[in-house]
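Trainee: Sharing a structure, written as structure tokens. Questions coming.
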Amino acid sequence: MRADQAVAALSVPTGAEAVRGIGLVVIGYLIITGADAAVKWVLPEIGIAMAMICRGTIGMAVLAIITRGRGFYPVDKRLLAARSILHCCVSACWYWAWVRAVPLADSYAVACATPLLMTLLAIPLLGETVGWRRMTSTGIGFAGVLVMLQPSGDLWRIESLVLLGATCVMALTRIWTRLLSRTDKPATIAFWLMAAHVPMGLLLLPTFPPPAVLPSGGVMLALLFFGAANAVAHLLFSRAFALAPIGALAPYEYTPFIYGIGIGFLIWSEVPAWTTILGAALVILAGIYNLHRERVRRAQERR
707 MRADQAVAAL SVPTGAEAVR GIGLVVIGYL IITGADAAVK WVLPEIGIAM AMICRGTIGM
767 AVLAIITRGR GFYPVDKRLL AARSILHCCV SACWYWAWVR AVPLADSYAV ACATPLLMTL
827 LAIPLLGETV GWRRMTSTGI GFAGVLVMLQ PSGDLWRIES LVLLGATCVM ALTRIWTRLL
887 SRTDKPATIA FWLMAAHVPM GLLLLPTFPP PAVLPSGGVM LALLFFGAAN AVAHLLFSRA
947 FALAPIGALA PYEYTPFIYG IGIGFLIWSE VPAWTTILGA ALVILAGIYN LHRERVRRAQ
1007 ERR
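Under the working numbering, the first residue of the sequence shown carries the number 707, and numbering increases by one thereafter.
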């Protein structure tokens, strides 16, 4: 089934399915935040390339155990490959930023722009309509991004611009996950994403070689958790996007920012700047308003 056929096949979920999808995505973001904290902690000892290789190999093994090796054959191979490769690029950007000491919450603050970008991308890719109210709130949300990235602010650095570009790509992969859910199983989507991290990590080894010293036992345990948590989280994400529409799931992209503030403070004593919190608040409020308008629009269509 081609991408345009997948768009046509997208069905309107029931209320129960949407609630299940929201529950799965909230759990998934909690798990992925823990995985991100683990890899941020071990990156100085293993490097970016090895982190991606470990994520892929451990993640594939965990998914093979969970599914007993079934359901990995892809249907939409081209879209699945493109999504997996782009997602690997997003991962590499985030790991690079964390190696350069970007706080966990700050990186998540930039990622808060994802739901706004998803709102815009849903117009050409999913055929959704966006009225002037949602376009205005989306503009306010991007103003919040500018508040976070203002000159002389804590986030005014090259790493933040790289993360912002990666966030644009991440929004596209979220849309593609929704499209792939019509043709491929959640296990298929998650497995090939993990698999793509292995060759991508090997390609990055010359640029980001690992340290010569072998990692400690604690680092190895953190890597095992990192790989397993990523596998489980992306399995949940793939299932959630199959159950609920983009508009219902997008606001929960903000939960890692809340988790990240707590985890970053507990582990690294990181405290976001007031400009980061203010800008993220504007972005979050804009996203929540977009969700409200989506619900109003659906109610009008039903009437």
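A virtual CB, placed ideally from N, CA and C, is assigned to each residue, including glycine.
Answer yes or no: do Ile990 and Cys818 have a C-beta to C-beta separation smaller than 8 Å?
Mentor: yes
Trainee: DSSP state of Asp812, grouped into three classes?
Mentor: helix
Trainee: How big is the Cα-Cα spacing for Ser790 and His940?
Mentor: 12 Å
Trainee: Taking the alpha-carbon of Thr894 as reference, which of Leu869, Ala948 and Leu878 has the nearest alpha-carbon?
Mentor: Its Cα nearest to that of Thr894, the residue Ala948 stands out among Leu869, Ala948 and Leu878.
Trainee: To the nearest angstrom, how far is it from the Cα of Ala950 to the Cα of Met906?
Mentor: 31 Å
Trainee: Between the region 923-933 and the region 793-812, do three or more beta carbon pairs fall short of 8 Å?
Mentor: no
Trainee: To the nearest angstrom, report how far apart Ala798 and Thr842 are at their CA atoms.
Mentor: 32 Å
Trainee: Among Trp802, Leu942 and Ala934, which has the Cα closest to the Cα of Met910?
Mentor: For clarity, residue 910 is Leu in the given sequence; the question names Met instead. Ranking Trp802, Leu942 and Ala934 by Cα distance to Leu910 puts Trp802 first.
Trainee: Whole angstroms are fine: how far does the CA of Leu988 sit from the CA of Leu769?
Mentor: 38 Å
Trainee: As a quick exercise: from Gly970, Ala767 and Arg863, pick the residue whose alpha carbon is nearest that of Ala896.
Mentor: Ala767
Trainee: Quick check for students: name the residue ranges of the alpha helix (DSSP H) that lie wholly in the region 732-768, counting only runs of 4 or more.
Mentor: none
Trainee: Whether or not the region 750-765 and the region 970-983 are in contact is what I'm after, with contact meaning three or more pairs of Cβ atoms, one per stretch, closer than 8 Å; do they touch?
Mentor: no
Trainee: Determine the direct distance from the alpha carbon of Gly753 to that of Gly729, and round the result to whole angstroms.
Mentor: 33 Å
Trainee: Between the alpha carbons of Val977 and Gly966, how many angstroms are there, rounded?
Mentor: 10 Å
Trainee: What number of angstroms, rounded off, separates the C-alpha of Gly867 from the C-alpha of Cys795?
Mentor: First, the residue type needs correcting, since residue 867 is Leu and not Gly in the sequence shown. Answer to the nearest angstrom: the Cα atoms are 15 Å apart.
Trainee: Answer with buried or exposed for Arg884, where buried requires no fewer than 16 other C-beta atoms within 10 angstroms of its C-beta.
Mentor: With 16 or more Cβ atoms within 10 Å of its Cβ, Arg884 is classed as buried.
Trainee: Going by the CB atoms, is the gap between Pro962 and Tyr735 shorter than 8 Å?
Mentor: yes
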